[in-house]
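Undergrad: These protein sequence lines are chains E and P, in that order.
Counted from 1, the first sequence has number 1441 at position 464 by the numbering used here; the numbering is strictly sequential.
Counted from 1, the second sequence has number 1415 at position 438 by the numbering used here; the numbering is strictly sequential.
Let me give you the structure first, and then I'll get to my questions.
There are 2 protein chains.
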Amino acid sequence: MEKFFNPRSVAVIGASNSPFNLGATICNILKHIDFKGSVYAINRKGESIGDTPGFSSVLEVAEKIDLAVVIIAAKHVQDTIRECGEKGIKNIIIQSAGFAEGGPDGEALQKELDEASRHYGIRYMGPNCLGVLNTHSKFCCFFGIVPGMYDDVFEKTGSVSYIIQSGGVGALVIDSLQAEVSKINKVVSIGNKADIDEADLVDYFKDDNSSVIGMFLENVQCGRKLFEKAKEVDKPILVYKVGRTSEGAKAAMSHTAGMANNDAIFDSACRQAGMIRLNSISELYSLPKMFTSMPPLRGKRIAVFTNSGAFGGIAADFIISSGLEMASLSDETVNKLHKTGQLFNASNPIDVGPGLSKQAFIDIFDILLSSGEIDGLLPIPNVWQDVVIDSIVEIVKLCRAYKKPAAIYIPNAPERIISIKNDRQIPVFESPEEAVRALEVSHRYHNHLLKKELLAWQKYYRERAKEERTLYRNMNQSMSLRPQAL
Amino acid sequence: MEKFFNPRSVAVIGASNSPFNLGATICNILKHIDFKGSVYAINRKGESIGDTPGFSSVLEVAEKIDLAVVIIAAKHVQDTIRECGEKGIKNIIIQSAGFAEGGPDGEALQKELDEASRHYGIRYMGPNCLGVLNTHSKFCCFFGIVPGMYDDVFEKTGSVSYIIQSGGVGALVIDSLQAEVSKINKVVSIGNKADIDEADLVDYFKDDNSSVIGMFLENVQCGRKLFEKAKEVDKPILVYKVGRTSEGAKAAMSHTAGMANNDAIFDSACRQAGMIRLNSISELYSLPKMFTSMPPLRGKRIAVFTNSGAFGGIAADFIISSGLEMASLSDETVNKLHKTGQLFNASNPIDVGPGLSKQAFIDIFDILLSSGEIDGLLPIPNVWQDVVIDSIVEIVKLCRAYKKPAAIYIPNAPERIISIKNDRQIPVFESPEEAVRALEVSHRYHNHLLKKELLAWQKYYRERAKEERTLYRNMNQSMSLRPQAL
């Protein structure tokens, strides 16, 4: 699997100098992002593309090739696969569309593909996919990327990896993450996933440098395999799956040729495997920051804190509806809070009014986080002065020190929030429901890990107990044997 | 009520040259936006603020004053009210905080306020509010606005009016609407609403130049009055109310001193009165455009249309979950669609693939809208080329011509969507769930109007029938009388 993400040599089959050629865009983007491996353009004429040397077949390339990216008409794909097999290429990304998603003819083509690849021991991604983007190794075989478009993605690398069945959703996630504090590690677009599927990738991401795994699925190839692999992973897995309704499932089927799955079963299996099912595709890029930049939410008691009164009530509604609790503050804590400045209200939600100094903000965070009366914070700072942004930066530090999380919602216009996120690189949310959802998901994942740990300990003790019993039985037996031997 | 929104002369009581004086910001903003009426600053020293003439009491102003805006310490407010009463001012906006929301002392002050205003026949807004912003008459008594901050708001006037109980939410709505195609008519921040409440304002907006009414409420002063007034209004009323949970209601109480209301009762009363209850504060600014820029959704059959396959399935899930239906297209329509270009899929959802021309887009819209097989559209155009934006502009025109609505969702990053909205002034949504919600709400409001009309006709016929019966009875009586008379 490693060769899909970190190839040392790549052949782009179908890259030529014809106008609008998509393969050429792959050669160009690899050049542009300064990919360190060797790249070969394969086309009928054997022509080079800029600095990328061209050949008419992979068989003509002298070097060993780790990975072939295939972007030619569907009907020619199987011949190409055979050539790759002869060359000894074991990893292929088939980007061409026109297979099982396109009806019976395509299905037949896909069958031939499977036979050819099985014959040569080839593992492949796709067809009908974009393949792989790896920010750390600066490798990307997504077609159609204009040099310059994703510069930031490769410069600001991160730890969130995505398995995405659709190019459109992949592009949306990559674009949207640019404003977020969580950055991208790897993105895989798996299309029809006739060979390599989401379960194989979950298994790969289990041990790599990813800290959060996001998935967009239109269908699940083999549910049992996915959930078994997911259970072994100790990283949050966030999954959006199309097909909650039969109409949605039908639409997804025509797009990437999957089977409709029973949604209720998928839902309960997710819960058992500790996978977090998402309600909205925006959660694919808004939620990871809760895991990458904040400690987990260990309990349910949340303190809400705002300089803009009405949002306290709004947030309290969402907190209670989500199953979390409004922390109840002791008189001691309330008194301490009152001493920090001119608070309008020191019981939860805490309404600090406008015009507080940065130190007053910090004092309030400190009182709450050290009180032992809360498990997490929902700060809602209306950013009307720079001092408020500075205070948000401090709260991120304090949360890490106290090992309690904050989901920060800035109640300003989306445009303003995005500019703050870009400028200051702080983990903030764009709506109260999104912030509460982040707390809920953090807590749920924490509980999943606890339960898993508990089960592991139970298993350990059961095994120890079994061992001891055996030992004891053996001892008894040898004790009872001894007299006879005497 | 008109004098609150279109005063010819205004006294700002508490506006002075002291540093950070909030009243002064009102004088300045009125100057900046070129308010046509006269403005007087009232302060102890009687000093002028820039060009705004100053007096030490309203009694010293020679001109008749339509409206007083009071922004002084709570304990001095009642004396000021008496002075206003002596001057003959009948409309007052009390911005000062420290009344019923602040505990027993404040409650006593509010009581005195009520007595004084009743004595002089004064109607007042607040206390603890911002008052009125009217884009058309260029009047605004919100304190704390920096000249330049809201220039666009007053230049690009609109038809959406808001009743908002919180300054913070008001600011969020005003800021967020700047990127929307629906613009602001009036905003009223009503705070504790000890006198004028939301029902009075709904009644006022019933007959003014508003086309949509948005409300943010922390509590309802008099439910029966509100719902009676709302029933008489033939404009969509969108309402977000805090307090779905008891914790939320408690928090709201401490903010603007309201009573907790039974949420389930509020919910069902909204439905009966045709008010649309919102799930998120962002709906306050995202939904109005569905009413101001699109015809109503008359039926449930929706066609989804995308150039980015996966979003078809995502949208179908939301459509079915919302109670709407995926339109079923006839073979004839599907064939026509296939002729327009290289479609990936011509059944609903329609997947057009990338690279379509503007004319092909228009042809597809036209085939769908003229088919008689759909009631509304959910176009999901991924904007990777300008031709796609140009096509969106065309769909807005076609929808108006065919009297069928489209809720357009652009599946690009929020930053990109906002810039498209700003540049092209088109009604687009930022998530599939938001677009489906807009269709759902449009249809629900349409049904409400139909039902209302039906009830009106039933009433009319019942009355006609009653009249006829009476007439007939009288005729019979006179007929039966006649022989006796003969």
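Here a beta-carbon is modelled for each residue, glycine too, at the ideal position from N, C-alpha and C.
Predicted model, so just to flag it, every value in this text is computed and none were measured.
Of all Cβ atoms in chain P, is any one closer than 7 Å to the Cβ of E:Gly1225?
TA: Against the first sequence, residue 1225 of chain E aligns to sequence position 248. For E:Gly1225, the answer is yes, since a Cβ of chain P falls inside 7 Å of its Cβ.
Undergrad: Considering only residues of the same chain and omitting the five flanking positions on each side of E:Gly1251, which have a CB-CB separation below 6 Å?
TA: Reading the first sequence from its first residue, position 274 is the one you call residue 1251 of chain E. Closer than 6 Å at Cβ, skipping near neighbours: His1425.
Undergrad: Would you tell me roughly how many angstroms separate the C-alpha atoms of P:Gly1020 and P:Thr1057, rounded to the nearest one?
TA: If you number the second sequence from 1, residue 1020 of chain P lands on position 43. If you number the second sequence from 1, residue 1057 of chain P lands on position 80. For clarity, residue 1020 of chain P is Asn in the given sequence; the question names Gly instead. When rounded, the distance between both Cα atoms is 11 Å.
Undergrad: For the segment 1371-1399 of chain P, enumerate the residues whose C-beta is nearer than 8 Å to any C-beta of chain E, in chain order.
TA: Under the 8 Å Cβ criterion, the segment 1371-1399 of chain P contributes Pro1388, Asn1389, Ala1390, Pro1391, Glu1392, Arg1393, Ile1395.
Undergrad: Looking at the secondary structure, which residues open and close the alpha helix (DSSP H) in which P:Phe1131 lies?
TA: The count along the second sequence starts at 1 and reaches residue 1131 of chain P at position 154. Counting along the chain, the alpha helix (DSSP H) containing P:Phe1131 begins and ends at 1128-1132.
Undergrad: If you compare alpha carbons, which of P:Asn1359, P:Leu1345, P:Val1360 is closest to P:Gly1353?
TA: As a first step, residue 1353 of chain P must be located in the second sequence, where it is residue number 376. Nearest of P:Asn1359, P:Leu1345, P:Val1360 to P:Gly1353, Cα basis: P:Leu1345.
Undergrad: If you count every other CB in all the chains shown that lies within 10 Å of the CB of E:Pro1213, and 16 or more means buried, which is it?
TA: Taking the first residue of the first sequence as 1, we reach residue 1213 of chain E at position 236. So E:Pro1213 counts as buried.
Undergrad: Going by the CB atoms, is the gap between P:Tyr1097 and P:Ile1069 shorter than 7 Å?
TA: Translated into positions along the second sequence, residue 1069 of chain P becomes position 92. Translated into positions along the second sequence, residue 1097 of chain P becomes position 120. It is not a contact, given that the beta carbons lie outside the stated cut-off.
Undergrad: Please go through the same chain and pick out, in chain order, the residues whose beta-carbon is closer than 6 Å to the beta-carbon of E:Ala1171, but skip the five residues on each side of it.
TA: Locating residue 1171 of chain E in the first sequence gives position 194, where the first residue counts as 1. Within the same chain, E:Ala1171 has close Cβ partners Gln1087.
Undergrad: Residues of chain P with CB under 9 Å from E:Gln1142, in chain order?
TA: Counting from one through the first sequence, the residue named residue 1142 of chain E turns up at place 165. By Cβ distance, chain P contributes Ala1287.
Undergrad: For E:Asn1359 and chain P, any beta-carbon pair shorter than 7 Å?
TA: Numbered from 1 along the first sequence, position 382 holds the residue referred to as residue 1359 of chain E. E:Asn1359 counts as touching chain P.
Undergrad: What residues match up with P:Thr1283 in a beta bridge as DSSP calls it?
TA: Here residue 1283 of chain P is taken as the residue at index 306 of the second sequence, counted from 1. In the DSSP output, where bridge partners are listed per residue, P:Thr1283 has P:Asp1328, P:Ile1357.
Undergrad: Below 7 Å on C-beta distance, what does E:Gly1290 contact in chain P?
TA: Against the first sequence, residue 1290 of chain E aligns to sequence position 313. Chain P residues near E:Gly1290: Glu1195, Val1219, Gly1220, Gly1225, Ala1228, Ala1229, His1232.
Undergrad: Do P:Pro1382 and P:Ser1408 have their CB atoms nearer than 7 Å?
TA: Locating residue 1382 of chain P in the second sequence gives position 405, where the first residue counts as 1. Locating residue 1408 of chain P in the second sequence gives position 431, where the first residue counts as 1. Cβ atoms of P:Pro1382 and P:Ser1408: not closer than 7 Å.
Undergrad: Are E:Glu1464 and E:Ala1229 closer than 7 Å when you measure CB to CB?
TA: Residue 1464 of chain E lies beyond the residue range present for chain E, which begins at 978 and ends at 1463; the question has no answer from this structure.
Undergrad: Mind checking if P:Glu1411 is an interface residue toward chain E, Cβ cutoff 7 Å exclusive?
TA: In the second sequence, counting from the first residue as 1, residue 1411 of chain P sits at position 434. Output row for P:Glu1411: interface = no.
Undergrad: Tell me which residues share the same chain as P:Glu1371 and place their Cβ nearer than 8 Å to its Cβ, disregarding the 5 neighbours each side in the sequence.
TA: Here residue 1371 of chain P is taken as the residue at index 394 of the second sequence, counted from 1. So the qualifying residues of the chain are Lys1335, Phe1338, Ile1339, Phe1342.
Undergrad: Terminal residues of the continuous alpha helix (DSSP H) containing P:Leu1149?
TA: Taking the first residue of the second sequence as position 1, residue 1149 of chain P is located at position 172. Its alpha helix (DSSP H) spans residues 1144-1154.
Undergrad: Once you ignore the five residues that flank P:Leu1203 on each side, which residues in its own chain have a CB closer than 7 Å to its CB?
TA: For the purposes of this step, residue 1203 of chain P is taken as residue 226 along the second sequence, with counting starting at 1. Taken in chain order, the residues that qualify are Glu1175, Ala1176, Val1179, Val1197.
Undergrad: Compare the Cα-Cα distances from E:Tyr1386 to each of E:Val1413, E:Tyr1379, E:Asp1400, E:Met1452 and report the closest residue.
TA: In the first sequence, the residue the question calls residue 1386 of chain E occupies position 409. That would be E:Val1413, whose Cα lies nearest to the Cα of E:Tyr1386.
Undergrad: What does DSSP give as the partner residue(s) for E:Ser1166 in the beta ladder?
TA: The residue given as residue 1166 of chain E occupies position 189 in the first sequence. Looking at the DSSP assignment, E:Ser1166 forms a beta bridge with E:Gly1108, E:Ile1141.
Undergrad: Taking Cβ-Cβ distances shorter than 9 Å, what residues in chain E pair up with P:Ile1297?
TA: In the second sequence, counting from the first residue as 1, residue 1297 of chain P sits at position 320. Residues of chain E passing the Cβ test: Arg1221, Thr1222, Ser1223, Glu1224, Gly1225.
Undergrad: Using the rule of at least 16 other Cβ atoms within 10 Å of the residue's Cβ for burial, across every protein chain shown, is E:Tyr1017 buried or exposed?
TA: Start at 1 with the first residue of the first sequence, and residue 1017 of chain E comes out as number 40. Buried, because 16 or more other Cβ atoms sit within 10 Å of the Cβ of E:Tyr1017.
Undergrad: Is DSSP giving E:Glu1445 helix, strand or coil here?
TA: The residue given as residue 1445 of chain E occupies position 468 in the first sequence. Here E:Glu1445 sits in helix by DSSP.
Undergrad: Does any residue of chain E have a CB that is nearer than 7 Å to the CB of P:Asp1152?
TA: For the purposes of this step, residue 1152 of chain P is identified with residue 175 of the second sequence, where counting begins at 1. With 7 Å as the cut-off, P:Asp1152 counts as an interface residue toward chain E.
Undergrad: Any C-beta of chain P within less than 7 Å: which residues of the segment 1302-1333 of chain E qualify?
TA: Answer set for the segment 1302-1333 of chain E: Met1303, Asn1322, Pro1326, Asp1328.
Undergrad: So, P:Val1329 versus P:Asn1284, is the Cβ gap smaller than 7 Å?
TA: As a working mapping, residue 1329 of chain P is identified with position 352 in the second sequence. As a working mapping, residue 1284 of chain P is identified with position 307 in the second sequence. Contact flag set, yes.
Undergrad: Rounded to a whole number of angstroms, what is the C-alpha to C-alpha distance between P:Trp1257 and P:Lys1266?
TA: Walking along the second sequence from the start, residue 1257 of chain P turns up at place 280. Walking along the second sequence from the start, residue 1266 of chain P turns up at place 289. Correcting the residue type first, residue 1257 of chain P is Ser in the shown sequence and not Trp. Straight-line Cα distance between these residues: approximately 16 Å.
Undergrad: Would you check if there are 3 or more beta carbon pairs closer than 8 Å linking the segment 1061-1078 of chain E to the segment 979-997 of chain E?
TA: Yes: at least three Cβ pairs fall under 8 Å.
Undergrad: Count the CB pairs spanning the segment 1215-1222 of chain E and the segment 1304-1324 of chain P that are closer than 8 Å, and state whether there are at least three.
TA: Cβ pair count under 8 Å is below three, so no.
Undergrad: What's the call for E:Arg1095, buried or exposed, on a 16-neighbour Cβ count within 10 Å?
TA: As a working note, residue 1095 of chain E is residue 118 in the first sequence. Exposed, because fewer than 16 other Cβ atoms sit within 10 Å of the Cβ of E:Arg1095.
Undergrad: Please name the residues in the segment 1250-1261 of chain E whose beta-carbon is closer than 9 Å to at least one beta-carbon of chain P, in chain order.
TA: Flagged, chain order: Asn1256, Ser1257, Ile1258, Ser1259.
Undergrad: What does the Cβ neighbour count give for P:Ile1242, buried or exposed, with the cut at 16 atoms within 10 Å?
TA: Numbered from its first residue, the second sequence carries residue 1242 of chain P at position 265. Result: exposed.
Undergrad: Pull up the distance between the alpha-carbon of E:Ile1297 and that of P:Lys1218, whole angstroms please.
TA: To locate residue 1297 of chain E, count along the first sequence from 1; it is residue 320. To locate residue 1218 of chain P, count along the second sequence from 1; it is residue 241. Rounded to whole angstroms, E:Ile1297 to P:Lys1218 spans 15 Å at the Cα level.
Undergrad: Buried or exposed, going by whether 16 or more other CB atoms sit within 10 Å of the CB of P:Val1123?
TA: For this step, residue 1123 of chain P is matched to residue 146 along the second sequence. Counting Cβ neighbours within 10 Å, P:Val1123 comes out exposed, since fewer than 16 surround it.
Undergrad: Please classify P:Asp1400: is it buried, with 16 or more other beta-carbons within 10 angstroms of its beta-carbon, or exposed?
TA: Here residue 1400 of chain P corresponds to residue number 423 of the second sequence, with the count starting at 1. Exposed, because fewer than 16 other Cβ atoms sit within 10 Å of the Cβ of P:Asp1400.
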